[in-house]
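Asker: What follows is a structure written as structure tokens; I'll ask about it next.
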Amino acid sequence: MSDSKQGRGGTWEERWHPLREEWVIVAAHRQNRPWSGETVEQAEAQPPPYVSDCYLCPGNLRVSGARNPSYTGVFVFDNDHPCVGPHAPDALTTVTAPYRNRPARGLARVVCYTPRHDLSLAELAPHEVENLVAAWQAQYVDLGRRREINHVLAFENKGAVVGVSNPHPHGQIYATNFIFKTIEVEAAASRRYLNETGRVLFQEIIAAEQQDGRRIICENETAIAFLPYFARYAYEVFVAPKATRSSSAALNDAEARGLDTVLREVVIRSDNLWCMSFPYVMPLHQAPTDGGDYRSFHFHIEFHPPLRKPHLLKYLAGPEIGGGNFLSDTAPEEKAAELRAQSNVHYKLQPDA
Ligand SMILES: [Zn+2]
Ligand SMILES: [Zn+2]
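Take any residue in the sequence shown, count from 1 to its spot, add 1: that is its number in this note's numbering.
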């Protein structure tokens with residue numbers, strides 16, 4: 002292929018995977034995005050509260066030339082290296098069936114949780130977690146109502162082992178012209194279950210977890226956290242409102258406060274497990290914003306931690322990558338008991354710390 006066909010900035014488009022029936026985002030223009038290159042060991046050293054060359058710290062200059070404001074709470078900005086964006090090229094290479102491509106349209110944003118470079122979600126005060134949840138709600142509304150946006154995926158990648166290039170506590174939002182595969186599968190399963198039984202699938206999951214009880218991490222009036230019966234990762238945890246709400250934005254204030262509390266407790270207990278910053282991938286699973294009927298979709302937050310033990314990664318290999326099904330070496334009941342046994346006060350804040 003000629004350079005002109007690929008475009009100056011490298012290939013940037015969505016390509017359809019006809020066998021998996023899902024879109025692949027090809028964002029080869031992002032090869033030069035910043036990477037601070039820390040190792041696991043370095044990342045565990047306590048960082049200072051402000052770093053002059055951190056592109057997320059308040060007042061600092063970013064690669065785009067934009068300067069961060071002197072923000073004091075949650076700060077959201079458009080990603081300087083978006084995988085989907087309004088400026089994604091329209092002119093695509095012509096392909097023939099069964100291949101398909103289309104522009105990588107959407108918006109990618111970064112959500113800074115706090116101006117403090119040295120904290121993590123687990124170390125935020127309750128009102129700061131409340132502000133973060135409020136930001137997720139506002140972003141879902143703002144992005145989801147746009148005609149070209151069919152899904153809003155908010156997530157956090159935490160820790161060098163999941164490829165995070167900056168320890169400053171932050172998450173991301175990919176607002177896309179397609180619905181991410183896992184959401185599509187969950188939405189279809191939920192809709193089918195409602196049609197067949199008249200009940201909400203996720204309500205049945207919560208009821209089953211409550212009936213068994215062994216895998217519940219914590220709960221309050223309006224929210225619950227549990228390590229599901231069907232967990233694929235050792236310390237996989239779901240956090241959800243007890244009432245069926247299709248997105249974070251659909252929570253009322255009491256439900257949001259309940260969720261803040263449970264979410265905060267889960268990340269604190271996870272850090273306390275090995276007295277270390279606990280890495281994870283944390284997506285918010287919210288209903289698509291394509292105008293479909295998602296009454297059966299029950300918003301939840303999922304934690305996918307890659308570690309089985311302090312320095313032991315769960316490698317995705319033959320069964321997972323090769324076959325698409327997980328092989329779990331641990332019993333969810335035992336791992337839930339470990340998390341439940343932890344204090345809900347962060348180890349760094351405990352008196353003998
Ligand atoms: Zn920073
Ligand atoms: Zn989910």
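No residue lacks a Cβ here, since even glycine has one placed at the ideal position from N, Cα and C.
Taking 6 Å as the cut-off, is the C-beta of Leu-57 nearer than that to any heavy atom in ligand 1?
Answerer: Yes, the Cβ of Leu-57 comes within 6 Å of a heavy atom of ligand 1.
Asker: Any idea which residues DSSP pairs Leu-154 with across the strands?
Answerer: Paired residues: Tyr-175.
Asker: Quick check: Pro-333 and Leu-228, are their CB atoms within less than 7 Å of each other?
Answerer: Yes.
Asker: Relative to the C-alpha of Tyr-175, which residue among Arg-103, Asp-261 and Gly-145 is closest?
Answerer: Here the closest residue by C-alpha is Gly-145.
Asker: Using DSSP with H/G/I as helix, E/B as strand and the rest coil, what is Asp-54?
Answerer: Correct three-state label for Asp-54: coil.
Asker: Does any heavy atom of ligand 3 sit closer than 6 Å to the C-beta of Glu-131?
Answerer: By its list of ligands, the structure shown excludes ligand 3, since it contains just ligand 1 and ligand 2.
Asker: From the DSSP output, which residues share a beta bridge with Arg-68?
Answerer: Partner(s): Leu-62.
Asker: Are the stretch 242-257 and the stretch 282-301 in contact at 8 Å, needing three or more beta carbon pairs?
Answerer: Yes: the two stretches touch, three or more of their Cβ pairs being nearer than 8 Å.
Asker: Apart from the five residues on each side of it in sequence, which residues of its chain come closer than 7 Å, Cβ to Cβ, to Gln-343?
Answerer: Result list for Gln-343: Arg-270, Asn-273 and Leu-274, in chain order.
Asker: If you draw a straight line from the alpha carbon of Glu-210 to that of Val-134, how long is it in whole angstroms?
Answerer: If I take the Cα positions, the gap works out to 25 Å.
Asker: Flag this pair as yes or no: are the beta carbons of Glu-335 and Phe-327 separated by less than 7 Å?
Answerer: Result no, Cβ atoms of Glu-335 and Phe-327 do not sit closer than 7 Å.
Asker: Can you round the beta-carbon distance between Asn-102 and Arg-215 to whole angstroms, since I take them to be within the 8 Å contact cut?
Answerer: That belief does not hold up - the Cβ atoms of Asn-102 and Arg-215 are roughly 47 Å apart, past 8 Å.
Asker: Say the cut is 6 Å; is the CB of His-305 nearer than that to a heavy atom of ligand 2?
Answerer: No, the beta carbon of His-305 sits no closer than 6 Å to any heavy atom of ligand 2.
Asker: With H, G and I counted as helix, E and B as strand and the rest as coil, what does DSSP make of His-18?
Answerer: Correct three-state label for His-18: strand.
Asker: Just tell me which of Pro-352, Pro-104 and Ala-235 has its CA closest to the CA of Ala-338.
Answerer: Of the listed residues, the one whose Cα sits closest to Ala-338 is Ala-235.
Asker: With respect to the beta strand (DSSP E) encompassing Ala-28, which residues constitute its N-terminal and C-terminal limits?
Answerer: First-last of the beta strand (DSSP E) with Ala-28: 23-28.
Asker: Expressed to the nearest angstrom, what Euclidean distance is found between the alpha-carbon atoms of Pro-352 and Val-346?
Answerer: About 10 Å.
Asker: Sort Lys-182, Val-142, Tyr-316 and Pro-87 by Cα distance to His-18 and report the nearest one.
Answerer: Among Lys-182, Val-142, Tyr-316 and Pro-87, the Cα nearest to that of His-18 belongs to Lys-182.
Asker: Apart from the five residues just before and just after Val-162, which ones in its own chain have a Cβ nearer than 8 Å to its Cβ?
Answerer: Only Val-41, Pro-280, Pro-307, Leu-308 and Leu-314 meet the Cβ criterion.
Asker: Buried or exposed for Gly-38, please, with buried defined as at least 16 other CB atoms from any protein chain shown within 10 angstroms of its CB.
Answerer: Summary for Gly-38: the model assigns pLDDT 46, below 50, so the residue's position carries little reliability, and this model does not support an answer.
Asker: If you check the beta carbons only, do Ser-65 and Asp-54 fall under 7 Å apart?
Answerer: No, Cβ-Cβ distance for Ser-65 and Asp-54 is not below 7 Å.
Asker: Rounding to the nearest angstrom, what Cα-Cα distance links Val-267 and Gln-138 in this structure?
Answerer: So the alpha carbons of these two residues sit roughly 20 Å apart.
Asker: Does DSSP classify Pro-48 as helix, strand or coil?
Answerer: It is coil, neither helix nor strand.
Asker: Would you list the one or two residues that DSSP bridges to Cys-276?
Answerer: Answer by DSSP bridge pairing: none, since Cys-276 is not bridged.
Asker: Who are the Cβ neighbours of Gln-43 in its own chain at under 6 Å, not counting the five residues just before and after it?
Answerer: Confidence is the limiting factor: at Gln-43 the pLDDT is only 46, short of 50, which leaves the residue's position unreliable, though a coordinate-based value still follows. None.
Asker: At the level of alpha carbons, what is the spacing between Glu-14 and Gly-292?
Answerer: Approximately 24 Å between the Cα atoms of the pair.
Asker: Under 7 Å between the Cβ atoms of Pro-50 and Arg-117?
Answerer: Yes; because the gap between Cβ atoms is below 7 Å, this pair is in contact.
Asker: If you reduce the DSSP assignment to three classes, tell me which class Gln-7 lands in.
Answerer: Confidence at Gln-7 is low in this model, with a pLDDT of 41, below 50, so the placement of that residue should be treated as unreliable; the coordinate-derived value is given next. It is helical.
Asker: Check this for me: beta carbons of Trp-24 and Phe-231, under 7 Å apart or not?
Answerer: Contact: no.
Asker: What residues in its chain sit with their C-beta under 7 Å from that of Glu-1, if we drop five residues either side in the sequence?
Answerer: The question about residue 1 has no answer here: the residues shown for the chain are numbered 2 through 354.
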